[in-house]
Amino acid sequence: MEHHLISNPDKYKLNQNFMREYLDLKHMKLVTDSEINNIKSLHFPHHGVVRDTSCTTKLRIVFDASSETSSGLFPNDLLMVGPRVQPELFPILIQFQIFSVAICTDV
């Protein structure tokens, strides 16, 4: 990604601004060389998507937690799994067969 950014100065500047904002918001922190191989330190592979037509956000960063990192770990495998919050799909599909009309809403 770094090579691609260096060849595109506008995208490089947008990426730098994004990373600075992420640091300011404390969504990430700089890691020292000695902390890089620490299991508590995790690098999320990411890439930027430029949207020239967007008025507010020209660069959108996409994090890929299912991608293997340089340490051989997958970030998704290290995240804590919480309780299931959505209902099972099968009973919902069965409910659709009971009535002749289905009404869906989003609250």
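Numbers in the working numbering are just positions in the sequence shown, counted from 1, shifted up by 1152. C-beta: ideal position from N, C-alpha, C; glycine also.
Continuous beta strand (DSSP E) stretch holding Leu-1211: start and end: Reading the sequence shown from its first residue, position 59 is the one you call residue 1211. Looking at the DSSP string, the run of the beta strand (DSSP E) that includes Leu-1211 is 1211-1215.
Using the three-state DSSP reduction, which class does His-1156 fall into: helix, strand or coil? For this step, residue 1156 is matched to residue 4 along the sequence shown. His-1156 carries a helical assignment under DSSP once its states are collapsed to helix, strand and coil.
Spatial distance of Gln-1247 from Pro-1235 (CA atoms): In the sequence shown, residue 1247 corresponds to position 95, counting from 1. In the sequence shown, residue 1235 corresponds to position 83, counting from 1. C-alpha of Gln-1247 to C-alpha of Pro-1235: approximately 24 angstroms in a straight line.
Compute the Euclidean distance between the alpha carbons of Asn-1169 and Leu-1182, then round it to the nearest angstrom. Counting from 1 along the sequence shown, the entry for residue 1169 is found at position 17. Counting from 1 along the sequence shown, the entry for residue 1182 is found at position 30. Linking Asn-1169 to Leu-1182 through their CA atoms gives a straight-line distance of about 15 angstroms.
If contact is defined by three or more beta carbon pairs under 8 angstroms, each pair taking one atom from either stretch, is the segment 1237-1246 in contact with the segment 1212-1224? Because the criterion of three Cβ pairs below 8 angstroms is not met, the segment 1212-1224 and the segment 1237-1246 do not touch.
So Val-1259 is in the beta strand (DSSP E); what residue range does that whole segment cover? Counting from one through the sequence shown, the residue named residue 1259 turns up at place 107. If you look at Val-1259, you'll find it isn't in any beta strand (DSSP E); DSSP assigns it neither H nor E.
Can you give the Cα-Cα distance for Thr-1209 and Ile-1250, rounded to whole angstroms? The residue you call residue 1209 lines up with position 57 of the sequence shown. The residue you call residue 1250 lines up with position 98 of the sequence shown. Rounded to whole angstroms, the separation of the alpha carbons of Ile-1250 and Thr-1209 is 45 angstroms.
Should Leu-1166 be labelled buried (16 or more other beta-carbon atoms within 10 Å of its own) or exposed? Along the sequence shown, read from residue 1 onward, the residue named residue 1166 stands at position 14. By the 10 Å Cβ count, Leu-1166 comes out buried.
Return the CA-CA distance between Ser-1223 and Ile-1255, expressed in angstroms with no decimal places. By 1-based counting over the sequence shown, the position of residue 1223 is 71. By 1-based counting over the sequence shown, the position of residue 1255 is 103. One alpha carbon belongs to Ser-1223, the other to Ile-1255, and they sit about 48 angstroms apart.
As a quick exercise: from Val-1259, Tyr-1164, Phe-1242, pick the residue whose alpha carbon is nearest that of Val-1201. Here residue 1201 corresponds to residue number 49 of the sequence shown, with the count starting at 1. When each option's Cα is compared against that of Val-1201, the closest is Tyr-1164.
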